[in-house]
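Enquirer: Chains as they are written, first to last, in the numbering used here: chain A, 3 to 272; chain B, 83 to 547.
Each residue gets a CB set at the ideal place from its N, CA and C atoms; glycine is no exception.
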């Protein structure tokens, strides 16, 4: 399966780039929307949580007004790429039916194209965030930040695997797309991206079940990784890396099985 | 027939080595599962198939054929007969349910015509993108870009987004790209009819060039003329079954006959519907021996055992079977056996047939077809004499056509048939005997082309006023 992706790497990359360029074609601002949309979202969260609700990260990371924004960005940028990859992947086989019905192209490349696009946007926005953090919030630059790159790769590798499974199912049951729209929203609020995990660690009112649910959530582990590297500037232990690699490989193995099972029928149904 | 094949004309190249098989399709069956609704599919999946909710639709039943290198293979049939499904399987888009196929070399398909094109970007960028899809580095495509654009005659609009192109322009660009990537197997599905007449002609010229360089073509079309003209062999698909496999001429004939009113009911053509098979040849030889033993003496003088040979090789046999052609012989003026004739020599075409059933108004027709599939000459007894023949059940028929071979040098195939001349137009039996007649240039030739029309010429010079 990876061999196929390697063979079509140029096609995947070219398409991912073209897609980023043309996603907003016909609009005046053009590809600037790729920046405006997440910036607007960040601003909304920052205003609500940091200014209105007065969230601060007093004990760790950068101090002052920017502390919460740094916390928010470190998780949200990666999450956005993850969620977008997942949603776009789920629709990708149905959306590219025109190609799949006529060209002997492997199914995976259309999902890989979405994951690549997600990776590129996230890599650029995280780089911009690092710049912001170092220059404006006076937090960094740190060598530990470099861990974010392989971590992002693994996170979106996970999104690719899951997206491939969803894309295959979506061919047969178009319910997957609307179902995922709701699920991703729910998933987002079940993952400590906007709020902080420590609100459940209050010794006076412990929430052991919530903590257990967090740990069952794969996205939680990846997002925590981003918090650790970007915000807490920690070198992640090997055990954490092993967990990430295992989760990414596991979901991809499952995706390969699902694809092999559905492959013949996918084109018949499209 | 083997004897005739080994006697090549002197200027022809020595016997060609057997051409390699490029496309081989074996017992290929394709089934689609039809579910009444997505919910019923979910039900079946949830119960791991125990609750069977789908119905199976078989689009292709047990298809077998082979295409050799450089051969043009046509697929004809009515809408919904499985032609496109077959091509999609061969392109690798769909997977066969059972059976297998093997294609040696690179396949490109005009199914893909323009589908790889992004309407937002220019023709030039699209060519490079599509080239990448076909497995070419951008540099390789760029090298050919000028030629591709020139062939498509789109020099003026190549940098315009393809959404502003007309359908014909997209087809031209796509055909041009696919024709220049030099595939080993080229699959064309009906698409060429989109371009205008001039471009369509250009496409076919290009296809001829590709054939010469060893490209194999699979061609689906409703344009039977094009199939006859360009394809060597063809298959007639009917409801997913291979209803006929043989020469392109015969396949299109069978198709037309089957599509004529009541044609399917007459159930023509099951015989010989598989291409030349060794077993068929052996059976034919045995039949020949049996028939020649029971022939009346005056007929066995003309039809020796060798004249039955060709019919073992007959690929496209169709007919109701009311008359069966048993032997074909070509004789020179002296009544001797001959395959190689000089231009302008006389020949007689002898047909021997047996009539298991009687018929009131029978006629016999013959035609000579050159290697390009062009009918050089053809006629029938009814046309020549205004008479029809009454055939009684159980009799033998001997028909002779005496002709002067005023034709261009070529190898000719003989099509012969017995049929009904009373207006119903039933074909009793129709055979195609390949390479039965070789016309060669013996000495001086005074013409060019396929017909030697009697002509005189006068040339005078006049002094200026």
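What first and last residue would you give for the alpha helix (DSSP H) that runs through residue 165 of chain A?
Expert: Taking the first chain and counting its residues from 1, one reaches residue 165 of chain A at position 163. Where residue 165 of chain A is concerned, the enclosing alpha helix (DSSP H) stretches over 150 to 174.
Enquirer: Tell me residue 148 of chain B's beta-bridge partners as DSSP assigns them.
Expert: By 1-based counting over the second chain, the position of residue 148 of chain B is 66. Bridge partners of residue 148 of chain B: B:106.
Enquirer: Could you pull out every residue in the same chain whose Cβ sits closer than 7 Å to the Cβ of residue 136 of chain B, ignoring the five residues on either side in sequence?
Expert: What you label residue 136 of chain B is simply residue 54 of the second chain in a count that begins at 1. Here the set comprises 115, 116, 117, 126.
Enquirer: Looking at C-alpha atoms only, which residue of B:201, B:105, B:423, B:331 is the closest neighbour of residue 456 of chain B?
Expert: Stepping through the second chain from its first residue, residue 456 of chain B is reached at position 374. Closest by alpha carbon: B:331.
Enquirer: Distance cutoff 7 Å, beta carbons only. Does residue 175 of chain B sit that close to anything in chain A?
Expert: Here the question's residue 175 of chain B lines up with position 93 in the second chain. Yes, its Cβ sits closer than 7 Å to a Cβ of chain A.
Enquirer: Does the beta carbon of residue 223 of chain A come closer than 7 Å to any beta carbon on chain B?
Expert: Within the first chain, numbered from 1, the residue matching residue 223 of chain A stands at position 221. With 7 Å as the cut-off, residue 223 of chain A does not count as an interface residue toward chain B.
Enquirer: Reducing DSSP to helix, strand and coil, say where residue 243 of chain B ends up.
Expert: Numbered from 1 along the second chain, position 161 holds the residue referred to as residue 243 of chain B. Residue 243 of chain B falls in the strand class under three-state DSSP.
Enquirer: To which residues does DSSP link residue 459 of chain B through a beta bridge?
Expert: The residue given as residue 459 of chain B occupies position 377 in the second chain. Bridge partners of residue 459 of chain B: B:450.
Enquirer: Against chain A, which members of the region 120 to 134 of chain B pass a CB distance test of less than 7 Å?
Expert: So the close ones are 120, 123, 124.
Enquirer: Can you tell me the Cβ-Cβ gap for residue 559 of chain B and residue 105 of chain A, rounded? I've got them flagged as a contact below 8 Å.
Expert: Lying before the first or after the last residue shown, residue 559 of chain B is absent from chain B, which here runs from 83 to 547.
Enquirer: By how many angstroms is the C-alpha of residue 120 of chain B removed from the C-alpha of residue 130 of chain B?
Expert: Start at 1 with the first residue of the second chain, and residue 130 of chain B comes out as number 48. Start at 1 with the first residue of the second chain, and residue 120 of chain B comes out as number 38. One C-alpha to the other measures close to 15 Å.
Enquirer: Label residue 268 of chain A either buried or exposed according to how many other C-beta atoms from any shown protein chain fall within 10 Å of its C-beta, with 16 as the threshold for buried.
Expert: If you number the first chain from 1, residue 268 of chain A lands on position 266. Burial call: buried.
Enquirer: Are the C-beta atoms of residue 214 of chain B and some chain A residue less than 7 Å apart?
Expert: On the second chain, position 132 is the one that residue 214 of chain B refers to. So, interface residue.
Enquirer: What residue ranges within the region 111 to 149 of chain A form continuous beta strand (DSSP E) runs of no fewer than 3 residues, ordered along the chain?
Expert: Entirely contained in the region 111 to 149 of chain A, not one beta strand (DSSP E) run reaches 3 residues.
Enquirer: With a floor of 4 residues, list each alpha helix (DSSP H) that falls wholly inside the region 258 to 329 of chain B, ordered by position along the chain.
Expert: Correct list: 279 to 294, 306 to 312.
Enquirer: Between the Cα of residue 534 of chain B and those of B:490, B:251, B:423, spot the shortest distance and give me the residue it belongs to.
Expert: As a first step, residue 534 of chain B must be located in the second chain, where it is residue number 452. With distances taken between Cα atoms, residue 534 of chain B lies closest to B:490.
Enquirer: Under 7 Å Cβ to Cβ from residue 53 of chain A, same chain only, skipping five residues before and after it: list those, please.
Expert: Locating residue 53 of chain A in the first chain gives position 51, where the first residue counts as 1. Cβ within range, chain order: n/a, list empty.
Enquirer: For residue 180 of chain B and residue 163 of chain B, I'd like the C-alpha separation in whole angstroms.
Expert: Numbered from 1 along the second chain, position 98 holds the residue referred to as residue 180 of chain B. Numbered from 1 along the second chain, position 81 holds the residue referred to as residue 163 of chain B. Going by the C-alpha atoms only, they are around 18 Å apart.
Enquirer: Taking the alpha carbon of residue 182 of chain A as the reference point, which residue from A:255, A:91, A:20 has its own alpha carbon closest?
Expert: As a first step, residue 182 of chain A is located in the first chain; it is residue number 180 there, counting from the start. Selected option, being the one with the closest Cα: A:91.
Enquirer: Could you give the distance in angstroms between the alpha-carbon of residue 339 of chain B and the alpha-carbon of residue 289 of chain B?
Expert: Looking up residue 339 of chain B in the second chain gives position 257. Looking up residue 289 of chain B in the second chain gives position 207. Computed Cα separation, rounded: 29 Å.
Enquirer: So what's residue 465 of chain B in DSSP terms, helix, strand or just coil?
Expert: Position 383 of the second chain, counted from the start, is the residue given in the question as residue 465 of chain B. DSSP places residue 465 of chain B in helix when its eight states are reduced to three.
Enquirer: With 9 Å as the limit, tell me which residues of the region 98 to 110 of chain A have their beta carbon closer than that to any beta carbon of chain B; keep them in chain order.
Expert: Listed by position, the residues of the region 98 to 110 of chain A near chain B (Cβ gap below 9 Å) are 100, 101, 102, 103, 104, 105, 106, 107.
Enquirer: Could you check the C-alpha separation between residue 349 of chain B and residue 402 of chain B for me, to the nearest Å?
Expert: In the second chain, residue 349 of chain B corresponds to position 267, counting from 1. In the second chain, residue 402 of chain B corresponds to position 320, counting from 1. Residue confidence is low: residue 349 of chain B scores 46 on pLDDT, short of 50, so the model does not pin down where it sits. Its coordinate-derived value is still stated next. Using only the alpha carbons, I get a separation of about 8 Å.
Enquirer: For residue 114 of chain B, would you say it is in contact with chain A, using Cβ-to-Cβ distances shorter than 7 Å as the test?
Expert: As a working mapping, residue 114 of chain B is identified with position 32 in the second chain. Chain A, which has a Cβ nearer than 7 Å to the Cβ of residue 114 of chain B, makes this yes.
Enquirer: With 16 as the cutoff for other CB atoms within 10 Å, does residue 325 of chain B come out buried or exposed?
Expert: Taking the first residue of the second chain as 1, we reach residue 325 of chain B at position 243. Buried.
Enquirer: Does chain A have any CB closer than 7 Å to the CB of residue 358 of chain B?
Expert: Indexing the second chain from 1 puts residue 358 of chain B at position 276. Confidence at residue 358 of chain B is low in this model, with a pLDDT of 36, below 50, so its placement is unreliable and the value that follows should be read with caution. No, because no Cβ of chain A sits closer than 7 Å to the Cβ of residue 358 of chain B.
Enquirer: Can you tell me the Cβ-Cβ gap for residue 317 of chain B and residue 147 of chain B, rounded? I've got them flagged as a contact below 8 Å.
Expert: Counting from one through the second chain, the residue named residue 317 of chain B turns up at place 235. Counting from one through the second chain, the residue named residue 147 of chain B turns up at place 65. The pair is a contact, with the Cβ atoms about 6 Å apart (cut-off 8 Å).
Enquirer: Going along the region 78 to 92 of chain A in order, which residues come within less than 8 Å of chain B, judged by CB to CB distance?
Expert: So the list is empty, because no residue satisfies the distance condition.
Enquirer: Give the DSSP bridge partners of residue 407 of chain B, in chain order.
Expert: Your numbering for residue 407 of chain B matches position 325 in the second chain. According to DSSP, residue 407 of chain B bridges with B:435.
Enquirer: For residue 178 of chain A, which residues of its own chain have a beta-carbon under 6 Å away from its beta-carbon, when the five flanking residues on both sides are left out?
Expert: As a working mapping, residue 178 of chain A is identified with position 176 in the first chain. Cβ neighbours of residue 178 of chain A beyond the five flanking positions: 92, 168, 171, 172.
Enquirer: What are the residues of the region 16 to 27 of chain A that lie near chain B, defined by any Cβ-Cβ distance shorter than 8 Å?
Expert: So the list reads 16, 20, 24, 27, given in the order they occur along the chain.
Enquirer: By the three-class DSSP mapping on this structure, what secondary structure does residue 132 of chain B have?
Expert: On the second chain, position 50 is the one that residue 132 of chain B refers to. Residue 132 of chain B falls in the coil class under three-state DSSP.
Enquirer: Between A:77, A:86, A:36, A:249, which has its C-alpha nearest residue 186 of chain A's C-alpha?
Expert: To locate residue 186 of chain A, count along the first chain from 1; it is residue 184. Ranking A:77, A:86, A:36, A:249 by Cα distance to residue 186 of chain A puts A:86 first.
Enquirer: At which residues does the alpha helix (DSSP H) containing residue 223 of chain A begin and terminate?
Expert: Counting from 1 along the first chain, the entry for residue 223 of chain A is found at position 221. Start and end: 220 to 228.
Enquirer: Give me the Cβ distance between residue 244 of chain B and residue 205 of chain B, rounded to the nearest whole Å; I'm assuming they're in contact under 8 Å.
Expert: Residue mapping note: residue 244 of chain B aligns to position 162 of the second chain, counting from 1. Residue mapping note: residue 205 of chain B aligns to position 123 of the second chain, counting from 1. Between residue 205 of chain B and residue 244 of chain B the Cβ distance is about 6 Å, and since that is below 8 Å, they are a contact.
Enquirer: Which bits of chain B does residue 12 of chain A rub up against, with CB to CB less than 9 Å?
Expert: As a first step, residue 12 of chain A must be located in the first chain, where it is residue number 10. Result: 214, 219, 220.
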